[in-house]
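Undergrad:
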Amino acid sequence: MTHSTTTVRPAAVAGMFYPGSAGALTRDLQRLLRDTPRPPGARPKAIIAPHAGYVYSGPIA
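Going by this note's numbering, the sequence shown opens with residue 1, and the numbers climb by one from there.
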């Protein structure tokens, strides 16, 4: 039997590049997803998205 432990690193930049609270982050992500047009067709198999703060890349990512 193997013993597995999971370590979760605290968010290093919460409140700087994305909201610091879970509620605010959830609201922002829901808004971004709601306001994004969905292309017709099959579901994507992979996504390549910019890695920047949501303020800068949220609508694109």
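For each residue, glycine too, the CB sits at the ideal point set by N, CA and C.
Which value, in whole angstroms, describes the spacing of the CA atoms of P44 and L33?
TA: C-alpha separation (whole angstroms): 15 Å.
Undergrad: Rounded to a whole number of angstroms, what is the C-alpha to C-alpha distance between D28 and R9?
TA: For D28 and R9, the distance between alpha carbons rounds to 22 Å.
Undergrad: Determine the contact status of A61 and A49, defining contact as a CB-CB distance below 7 Å.
TA: It is a contact, given that the beta carbons lie within the stated cut-off.
Undergrad: If you run the structure through DSSP and keep just helix, strand and coil, what is A24?
TA: Helix, per DSSP.
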